[in-house]
Every structure is written in C-alpha cells, then in structure tokens.
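Numbering (the UniProt record's numbering), first residue to last: 1 to 353.
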C-alpha cells in the first residue's frame with residue numbers, strides 16, 4: 001500500500017458562510033480593506049486591464065490547456081469540489097490544467113477569475129496536497145487578489161516603458177516594491193486558505209516541501225525542512241541578511257521555507273483551531289469591516305515581526321533603536337538637569353543681589 005492509502009481519512013468541517021477575512025494575513029487584509037473602500041477603484045483597474053484583453057487570455061487556456069470537470073481530470077475535479085465545499089464556495093471558478101513539469105498554480109482574471117494548475121502539480125501531488133493547493137488558489141479568488149495583482153502587472157509594464165524618465169521610473173518602482181510586499185503577504189493568506197480547505201497541516205507542509213524540492217518526499221525529512229526554515233530566519237550574519245533582502249525585494253512569493261514557518265506559526269497561535277471551532281468572521285458582516293482596525297492590525301503585525309525576528313540585521317536595527325532611545329532619554333534627562341541647575345543658580349543670584 002502507498003503512504004497515501006495508509007493515511008487516515010479526515011473529516012473536514014464545512015466553514016459555512018466564512019469570509020475571506022478569516023484567512024487573510026493582517027498586512028494583506030489591511031491593504032485589501034483600504035482598496036475596497038475606494039469606490040470605483042475596481043472599475044478603473046478593470047478598464048485598464050481591458051487593454052490586455054482578459055477574454056483573449058482565457059481563450060489561450062481554452063485552446064491550449066485542459067478544462068477540468070467530471071469528465072476531464074476527474075480526480076482533480078473531485079479535490080477541487082471538496083476544497084470549494086469546505087470553504088463554502090457555491091460557484092466554482094473555471095479550472096484548467098496546463099502543460100508544465102513545474103508544480104505551480106495561479107488565479108487569473110477580474111470579472112470571472114479562473115484557476116490554472118500545471119501537469120506537474122497533478123502528477124506530483126497526492127490528493128491531500130492537491131486539495132491544499134486548489135484551496136490556496138480558491139483563497140486568492142475569494143480575496144479578490146487577482147484584481148489587485150493586475151495593478152502590479154500594469155505598473156510593472158509602465159515602469160519598463162518609462163525607464164527613460166528617471167523621476168517617473170523611481171516613483172513607479174517605489175510603488176511596485178510596496179505592492180510586491182503586499183503580494184507576498186497575500187501568498188501567506190492563500191496558504192492559510194489552502195490549509196482550511198484541506199484541514200491537514202501535514203499535507204500543507206508537504207506541498208511546500210514539494211514546491212521547494214520536487215515531488216519525491218521519500219528523500220526528504222519534515223523535521224529537517226523545518227530546521228532549514230529556522231536557519232534561514234535566524235542563521236548567518238549581516239551579509240546573509242543583505243542577501244535575503246536582495247532575494248525577496250523583487251519576488252511575488254516568499255521562499256518555501258519561510259511560508260512553511262509562517263503557516264506553522266499561524267497554527268501554533270490557535271487561530272486555525274478557532275476557525276475550525278466555528279469562531280470566524282462571516283461574509284454577511286464584511287460590510288462592517290473597519291479600515292482603521294485592519295490598518296492597525298497590519299501595523300501591529302509588522303511591529304510584532306520586527307520585535308520577534310531573529311534576523312541579524314533586524315537585531316542590529318533593534319539595538320540601534322534602543323541605543324537611540326537611550327541616548328535621547330539621556331539627553332532629555334541631561335537637559336532637564338541642566339535647566340534645573342540653571343534655575344537654582346538664578347534663584348541664588350537673585351537672593352544674593
């Protein structure tokens with residue numbers, strides 16, 4: 001028997017009425033809530049995207065990929081419907097399988113987003129891992145990430161076309177850098193959606209291991225992989241920190257070991273168990289979402305990451321911050337002492353005169 005056949009069958013909890021806010025990373029949710037508050041913003045983005053012909057893009061997959069249903073890739077379709085049912089998604093987006101040996105997936109489009117996964121994913125992922133991956137892409141669709149990723153795509157093209165204008169290019173690249181940071185957090189959100197869809201933390205971890213090292217896990221150890229994640233986060237010196245910044249800045253995805261670490265932290269925080277227990281925001285309360293609360297949550301998330309990070313560069317910045325704070329405090333105390341001494345001397349001079 002295969003390892004997959006030996007695994008116990010898990011009974012998944014249907015998360016009735018669940019809002020995408022339940023799985024969105026605070027930094028992702030803060031940006032999304034703010035963007036959703038801008039009336040007409042989505043319409044403007046869609047108008048821009050029309051230049052690239054969304055219908056034509058879908059037709060490329062309709063012509064050159066396999067559209068999944070109960071007749072074509074029925075195993076994939078079954079996992080897809082299971083993930084959607086668990087996340088209480090009634091209307092399934094279109095799903096295509098595209099020829100590519102790399103394990104990958106994406107959510108594309110604005111008016112009617114669709115999902116594409118590769119033949120590498122179909123062939124190398126077991127049922128539980130595939131369900132987690134499909135849940136990840138459903139999470140992107142439910143959160144509306146495709147709309148805002150389009151902005152990033154448009155701005156990137158603009159930056160390339162305006163590269164001859166130094167000021168304009170610099171401004172656009174600053175915006176693109178900020179949006180890439182948001183997109184990396186959106187990937188962490190989708191990882192959580194994938195876990196909620198499959199409700200199997202080990203399968204979600206195996207998926208990330210396969211994304212990092214291919215499809216054969218017989219030569220890979222879970223504990224060793226998590227040790228890699230810990231070493232990546234805290235190991236090395238300032239030179240490694242600089243290298244990590246260079247690796248990350250231009251990327252849309254966090255590295256697999258970082259994603260595994262973040263997902264484990266989310267599970268360990270108790271948030272995952274709370275959702276399975278029925279404690280999660282519902283879609284019918286999305287209109288009550290507070291922009292200020294979500295922005296504060298995003299700021300707190302970054303603050304907590306900065307405070308708890310074991311990265312050498314972040315540690316140095318914390319020390320410099322503490323040193324600056326101590327220096328400022330000493331300066332204030334010194335100034336107060338000097339003013340107090342000056343005041344007392346003035347009083348003595350008045351008394352003697």
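We put the beta carbon where it would ideally sit given N, CA and C, even for glycine.
DSSP beta-bridge partners of residue i
{"i": "residue 85", "result": "Paired residue(s): none; residue 85 is not in a bridge."}
{"i": "residue 282", "result": "18"}
Collapsed DSSP secondary structure at residue i in the structure displayed
{"i": "residue 103", "result": "coil"}
{"i": "residue 18", "result": "strand"}
{"i": "residue 12", "result": "coil"}
{"i": "residue 251", "result": "coil"}
{"i": "residue 204", "result": "helix"}
{"i": "residue 90", "result": "coil"}
{"i": "residue 110", "result": "coil"}
{"i": "residue 115", "result": "strand"}
{"i": "residue 97", "result": "strand"}
{"i": "residue 66", "result": "strand"}
{"i": "residue 25", "result": "coil"}
{"i": "residue 73", "result": "coil"}
{"i": "residue 366", "result": "For residue 366 there is no data in the structure shown, the boundaries of the chain being 1 and 353."}
{"i": "residue 221", "result": "coil"}
{"i": "residue 269", "result": "coil"}
{"i": "residue 228", "result": "helix"}
{"i": "residue 199", "result": "coil"}
{"i": "residue 215", "result": "coil"}
{"i": "residue 277", "result": "coil"}
Neighbour-count burial assignment, residue i, 16 or more Cβ in a 10 Å radius
{"i": "residue 177", "result": "exposed"}
{"i": "residue 74", "result": "exposed"}
{"i": "residue 101", "result": "exposed"}
{"i": "residue 242", "result": "exposed"}
{"i": "residue 18", "result": "buried"}
{"i": "residue 258", "result": "buried"}
{"i": "residue 20", "result": "buried"}
{"i": "residue 99", "result": "exposed"}
{"i": "residue 325", "result": "Residue confidence is low: residue 325 scores 41 on pLDDT, short of 50, so the model does not pin down where it sits. Its coordinate-derived value is still stated next. Burial call: exposed."}
{"i": "residue 269", "result": "exposed"}
{"i": "residue 59", "result": "exposed"}
{"i": "residue 139", "result": "buried"}
{"i": "residue 227", "result": "exposed"}
{"i": "residue 105", "result": "buried"}
{"i": "residue 296", "result": "exposed"}
{"i": "residue 265", "result": "exposed"}
Short Cβ contact (7 Å threshold) for residue i with residue j
{"i": "residue 198", "j": "residue 260", "result": "no"}
{"i": "residue 135", "j": "residue 203", "result": "no"}
{"i": "residue 71", "j": "residue 215", "result": "no"}
{"i": "residue 96", "j": "residue 57", "result": "no"}
{"i": "residue 184", "j": "residue 254", "result": "yes"}
{"i": "residue 23", "j": "residue 285", "result": "no"}
{"i": "residue 94", "j": "residue 114", "result": "yes"}
{"i": "residue 76", "j": "residue 122", "result": "yes"}
{"i": "residue 65", "j": "residue 182", "result": "no"}
{"i": "residue 89", "j": "residue 276", "result": "no"}
Cβ-Cβ separation, residue j to residue i (assumed contact under 8 Å), whole Å
{"i": "residue 195", "j": "residue 110", "result": "About 26 Å separates the two Cβ atoms, so there is no contact after all."}
{"i": "residue 130", "j": "residue 86", "result": "Residue 130 to residue 86, Cβ: 14 Å. No contact."}
{"i": "residue 107", "j": "residue 146", "result": "5 Å"}
{"i": "residue 126", "j": "residue 200", "result": "About 11 Å separates the two Cβ atoms, so there is no contact after all."}
Residue i: CB within 6 Å of a non-hydrogen atom of the ligand SAM
{"i": "residue 213", "result": "No copy of the ligand SAM occurs in the structure displayed, which carries no ligand at all."}
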